[in-house]
Amino acid sequence: MHWRDTVIANALNPFVWLILPLLSSSLSIYLLNLYIKDGDKRKLIFILAFFATTISYGYTVLEAFQIQTGALGLRFFDWTSVPIIIAVFIAANDFILKPTNYNLISKGFLFFTIFSFLIPFFPINTIAISTYLRMFVAIEINLVALYGFIKTRNPSFILFILSMISLSIGGMSFLIEENITGIFGNAVGMIFLGLIFFIPQKEQHGISAYFSIQEKLKDTKKALNESQSRYLRIFNAAKDAFLIFDLNGNIIEANEKAFEMYGYSPKEFSSLSGKDIVHPDYAHLFIEFKESVLSSGEFQTESVDIKKDGTSFNVEIRGADIEYNGRKHLLAIVRDVSNRKKSEDQLKKSRRQLATLMSNLPGMAYQCLHDEKWTMKYVSSGCKNLTEFNADDLVENKNISYNELIVPQDRKYVYQTVTKALNNHESFEMTYRINTSSGKEKWVWEQGVGVFSEDGSIIDIEGFITDITEWKKSDEELQKIAQFANDYVSLPLDVNLYEDLGNKIKSLIGSGIVAVNRITDENTMYLESILGISDKKLAVVNKLLGNQHVGKPISKIPSDAKELLTSGSLVRVSHGVSGLFFNRISKSVSKAIEKMVHITGIYSIGLRYESELFGNIVIVLTDETHLNKNAIEAIVNQAAVVLDKQKAWKELQDAHEEIRAMNLHLEKKVKQRTERIEQLLKQKDEFINQLGHDLKNPLGPLVNLIPIIEKHSMNQKDKEILNVIQRNVGYMKNLVQKTLELARLNSPNTKLSKTNFSLNSVIRNIISQNKYLFEKKQIAVESNISSQITVYADQLRIEELFNNLLNNAVKYSKEYGKIIISSSESEKMITISIKDDGMGMTSEQIDHVFDEFYKADESRHDFESSGLGMAICKRIVEKHGGTIWVESSGLNKGSVFYFTLPHKSISTTSFEPRNEHKKTKNVHEKIDLLLQKEILH
């Protein structure tokens, strides 16, 4: 019996041999599952290999149960174990060769596997061949695996080497009839080989590439989730409504826009069908939508849908078929086009209105070519009234071209004007003459614009032409009237214009009498001057009038007649002279007077501007002259405006004189007050300086002696008293120093020593110097100032500024807080901000934070605060020409201090702002109050 038969026959338990085929078949099934998912031909190779190995181990199971298979079964056992070695050989060399045609390799391996099943039937010693083949291939594989591990440090190579070692131990154990060891060695080898499949890999070549499906599946699943999430975001963010229907017309899913558009909730939508949201008059379109999408895959139409509240709206629908949950569904993309429909309806209405308007316009709308004949492509119906030709006569130059209608002298002007405007892509406007069909000459006004293609070439011209002949006839008269009015506008305000007003009106009426009656303080307006009656005729008139003597002033004229004389419009006096006196004179007498003076009509207009009456103009016509009412009113009204301006000018002159006198008086007072203020400011500075020195002198010995006394004092109570004294003396010293510092900054004699320096460097030094201060409260300080920022300033003052602001931020911040220093740049200035997350401020505190001696919390007895730090910061910034302010969202919400400084190399002078914070009280009064307060404490 062969050694293998002996080994199998002596197995302790036949069922132990089932371990090996079960392991091999499990790996084969697992790989088959992976192959189905990704179709990787490399996995197909190992499926075939493990299948052959299962057949090989199956032989041992048969022998273990004493089922005799003979020599043929033994040869099957030998050769069916070869494919797994060859498969691993291919995988190992894949790392080096990096082949690309795995389809060809898998076909070759399939052929080899089939050949391995056929070899046992050949009448040769196949066992020796398989043994040497396995030995040679195993050695080569181990070498490649060792090289691969050294090269890549991939654990798969180590597992493979371990599997080869275990399989070799198992095989050697069978040779020496150690069956349990043999089974265990083969099982462990298979397990090591199987572990390679469960190590996530992403390599494209090598052993690991054969088993990378797990990680790829994770990536695929992740990508799928991301894709679904992205699809859902796009789906819901779409500006159109997306509706998915099943083939029965039920709504399966809808996006956010659909909920908004129709007014239904997601739950309500799920119970609706397409017919529920379509207007009954358009229900047939839903059937067409379904049929069209199923037959051609697409659909597009316009319809009317119904919202939840019953209102209808116009929609545009596009349809397509989609796969949804593995089944065919219908997708409808719905867009609300109600506004567009309204616009289209409005456009149609506008076109109808335009057509109506064009037919009623006193002129002709046209569309023509830019050629020498002005070939018309379209003219409106107004062509007939304008040219006396029908529209058809001009279109396409059927009977006459428009150029032939233009008066020959004007043709060149018209062509040049239009061409110049078109070359500049501008509209044009011009007046010229045309000859009508009957030969009548007309003046026309034309306005038009060119229509251009995308490349800028002219397509045609569109415009409008209207008849201005009547306007042209009155143009000279209008120009004359305008000149009269302009004459008054250009007159100096101190010129008397009553003298020539009558002459100007006389030139407009030709023959007749014009009386310009100025109302003076005495209201002298006499009838003889109104009617221009001579002395001889006046005697006759007076005789006719009797008691109604014409020599009476206007104050004696009846009030209703006076209104007639003072009206701001030109009115005809009814019943002539009788009407002028409001029928107080009999009509017979009136007729006699009119006949004597040859009066054909009397007109009156008041010379007034708004409620101000300056006089009256009476026009007495002595022939049938036609009055140009508008012209006379324009001249008279313009004259009244000038008279009003003259009056206002006179009042203004008087006011100027009064103001000048007042200014002289005020200047004198201001000068006296300024001198007094300057004297007080000087006295204040001298007082503060003297006060500072007077306070510093006694404070010096106290500051130096108190520590010595405390050191030598043995009494604990005395030490506590000395400690209180020392703290108060320190506070007084700080207060004096700050007061003197503020006084120096307020002094105009204080000069800054400005240089260009790096702002970032200064800030980092200050942060370093105050390190202990920050660490004491565990406060983090972050500086975001660029190293490139350079400022032009007094470096010592800027350091003092940052020290004050940072100390203030620390003082009002909680433990473990954070302070951030940032900056931003403009062309001339740099803005720096210092942000903290401390106690914050109220709006009232913000208003006073830069006031001298101001403390945010007056109840807090702070020996380290003088109440002058922020005031000093303000003066330092203002001395540099900058501004400082603070922002806060409220209490316990932190604060941000901002201030500006000049950029590099920009020369600035000391800047005193016009508007400061509220002025502080007298400085020495403040100091007295604070000192008294501290002494009491």
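Going left to right, the sequence shown walks through residues 345 to 1281 as our numbering numbers them.
For each residue, glycine too, the CB sits at the ideal point set by N, CA and C.
For the pair of segments examined, the stretch 722-739 was found to touch the stretch 704-711: the number of CB pairs separated by less than 8 Å reaches three. Residues of the same chain with a CB within less than 6 Å of the CB of N594, apart from the 5 flanking positions on each side, are S617 in chain order. Here DSSP, grouped into helix, strand and coil, assigns M720 to strand. Within its own chain, the residues whose Cβ lies closer than 8 Å to the Cβ of K991, once the five positions on either side in sequence are excluded, are E956, listed in chain order. Shown here, G641 sits in coil according to DSSP, grouped into three states, outside any helix or strand. Remark: C-beta atoms of Y947 and D988 do not approach each other more closely than 8 Å. Judged by DSSP secondary structure, Y1136 falls within the beta strand (DSSP E) whose first and last residues are 1134-1138.
Counting every other CB atom within 10 Å of its CB across the protein chains shown gives V762 a total of 16 or more, marking it as buried.
With respect to the 8 Å criterion, S1239 and D1180 are classified as neighbours on the basis of their beta carbons.
Per the coordinates, the alpha-carbon of I650 lies some 31 Å from the alpha-carbon of G670.
As far as DSSP is concerned, I483 takes part in no beta bridge. For T1186, the secondary structure class from DSSP, reduced to helix, strand or coil, is coil.
Taking I979 as reference, the option from N847, G856, Q1023, T1083 with the minimal CA-CA separation is N847. Counting other Cβ atoms within 10 Å of its Cβ, F480 stays below 16 and is therefore classed as exposed.
Our two residues, W993 and M774, have alpha carbons roughly 42 Å apart in a direct line. DSSP, read as helix, strand or coil, puts L1145 in helix.
In the three-state reduction of the DSSP assignment, L616 falls in the coil class, being assigned neither a helical nor a strand state.
The C-alpha of A598 lies about 41 Å from the C-alpha of L375. DSSP links A664 through a beta bridge to E642, L675.
In the DSSP assignment, Y776 falls within the beta strand (DSSP E) that extends over 772-779.
Per DSSP, A582 is not a residue of any alpha helix (DSSP H), being assigned neither H nor E. When the five nearest sequence neighbours on each side are left out, the beta carbons in the same chain lying within less than 7 Å of the beta carbon of L1149 are those of I1178, C1217, F1241, in order along the chain. By the criterion of a C-beta distance shorter than 7 Å, N486 is surrounded in its chain by I505, M508, once the five residues flanking it on both sides are discounted. Three or more Cβ pairs closer than 8 Å define a contact, and the stretch 1060-1067 falls short of that threshold against the stretch 1100-1109. When the five nearest sequence neighbours on each side are left out, the beta carbons in the same chain lying within less than 6 Å of the beta carbon of M1214 are those of V1193, F1194, in order along the chain. Distance from the CA atom of T655 to the CA atom of G1234, rounded to whole angstroms, is 48 Å. For I803, the secondary structure class from DSSP, reduced to helix, strand or coil, is strand. For N747, the uninterrupted alpha helix (DSSP H) segment begins and ends at 746-749. Rounded to whole angstroms, the separation of the alpha carbons of F1146 and I1123 is 16 Å. Looking from the CA of I430, the closest CA among L511, L749, I389, D811 belongs to I389. An exposed status is given to E740, since fewer than 16 other beta-carbon atoms sit within 10 Å of its beta-carbon. Exposed is the label assigned to D1062, since fewer than 16 other Cβ atoms lie within 10 Å of its Cβ.
Per DSSP, reduced to three states, the secondary structure at V739 is strand. Note that the C-beta distance between A436 and A489 is below 8 Å.
Here DSSP, grouped into helix, strand and coil, assigns T424 to coil.
For the set R386, N377, E612, V405, the Cα lying nearest the Cα of L364 is the one of V405.
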